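Worksheet: one structure, shown below.
Residue numbers (my numbering): 139 to 400.
What follows is the structure, encoded as structure tokens:
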């Protein structure tokens, strides 16, 4: 078991520029690319691997952690909520579970997460008390909605059992039934047993900003009265908007898209 923290990403065909932007962001905030592990299906190797290797990160094929048919992975990006999108997200869960057999602490981020400051020291401190930490969706409800686009997972019995249970549920689901994504699966589990939240640290929305909170990263309009202090986020997650073009626009507006937009 490797004791150091790693960052895990997943990249499929059509996400080449988002992968490049994510790796550039990690480097900008001082994260060693040697601890960044990128999982990808074999059908994306030709375009994804050169980006990973150029950055000095680590490549993992989906085949390594049990995906039996790389041909089942999409040939292009599909939007949130579609069946191909859900299929990729379950391979993400399988990937995190596989990594937790090899690394003590895994921080996972979607590729539409912009890196503003290095959060690993903060998440390492959290992991001393909570085996799981999730970004939340800023909804007026309890239990809260945990976001699988950014999470911290310690290799503990609690974490491994949770992921095993979720994967068993997904794999056992009849193929003629509509798929349920990993976020809704966990949401249903917590609704039945809210006490599970005792294992989860809810990441502050001012530090781990979701798409609804994009205004935290804008300088205008100015406050009507003096405000002493400011929000200093670690990351910005461009969720709550659908489609790659709109995600690029939102990340560019918040200063987290680092590539040339021309």
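In this text, a Cβ means the ideal position worked out from N, Cα and C, and glycines have one as well.
Keep in mind it's a predicted model, so treat the numbers as computed, not measured.
- Nearest neighbour of residue 146 by Cα position, chosen from 343, 196 and 320, turns out to be 196.
- Scanning its chain for C-beta atoms nearer than 6 Å, with the 5 sequence neighbours on each side dropped, one finds around residue 293 the residues 238 and 242, in chain order.
- Counting every other CB atom within 10 Å of its CB across the protein chains shown gives residue 254 a total of 16 or more, marking it as buried.
- According to the DSSP secondary-structure assignment, residue 374 is paired through a beta bridge with 252 and 347.
- The continuous alpha helix (DSSP H) containing residue 236 extends over residues 221-238.
- Taken in chain order, the unbroken stretches of beta strand (DSSP E) that lie wholly in the segment 307-344 and span 3 residues or more are 338-340.
- Distance from residue 296 to residue 269 at the Cβ level is roughly 5 Å; contact confirmed, criterion being Cβ atoms closer than 8 Å.
- Annotated three-state conformation of residue 395 is coil, per DSSP.
- In the three-state reduction of the DSSP assignment, residue 200 falls in the helix class, which pools H, G and I.
- Judged by DSSP secondary structure, residue 264 falls outside any beta strand (DSSP E) and instead within the alpha helix (DSSP H) spanning 258-265.
- With contact defined as three or more Cβ pairs closer than 8 Å, the segment 261-268 and the segment 155-166 are not in contact.
- A buried status is given to residue 273, since no fewer than 16 other beta-carbon atoms sit within 10 Å of its beta-carbon.
- Taking a contact to require three or more Cβ pairs closer than 8 Å, the segment 344-351 and the segment 373-380 qualify as touching.
- Pairing residue 180 with residue 201 gives a Cβ-Cβ distance under 9 Å.
- Counting C-beta atoms within 10 angstroms of its own C-beta, residue 144 has 16 or more neighbours from the protein chains shown and is therefore classed as buried.
- Shown here for residue 251: same chain residues with a beta carbon closer than 6 Å to its own, the five before and five after excluded, namely 288, 373 and 375 in chain order.
- Setting aside the 5 residues that flank it on each side, residue 152 is surrounded in the same chain by 214 and 215, each with a C-beta closer than 7 Å to its C-beta; the list follows chain order.
- Nearest in C-alpha terms to residue 149, of all of 166, 175, 317 and 163, is 175.
- Comparing alpha-carbon positions, the option among 359, 314, 307 and 282 lying closest to residue 336 turns out to be 282.
- Between residue 172 and residue 198, the C-beta spacing is not below 9 Å.
- The beta carbon of residue 203 is closer than 6 Å to those of 232, 233 and 236 in its chain, skipping five residues each way along the sequence.
- With respect to the C-alpha of residue 356, the residue from 392, 305 and 256 having the closest C-alpha is 392.
- In the three-state reduction of the DSSP assignment, residue 242 falls in the strand class.
- Secondary structure note for residue 157: its alpha helix (DSSP H) is the uninterrupted segment 154-166.
- Taking residue 321 as the centre and dropping the five residues before and after it, the same chain places the C-beta of 286 closer than 6 Å to its C-beta, in chain order.
- Here residue 187 has 197 as same chain residues with Cβ atoms under 7 Å from its own Cβ, once five neighbours each way along the sequence are excluded.
- With 16 or more other CB atoms across the displayed protein chains lying within 10 angstroms of its CB, residue 290 is buried.
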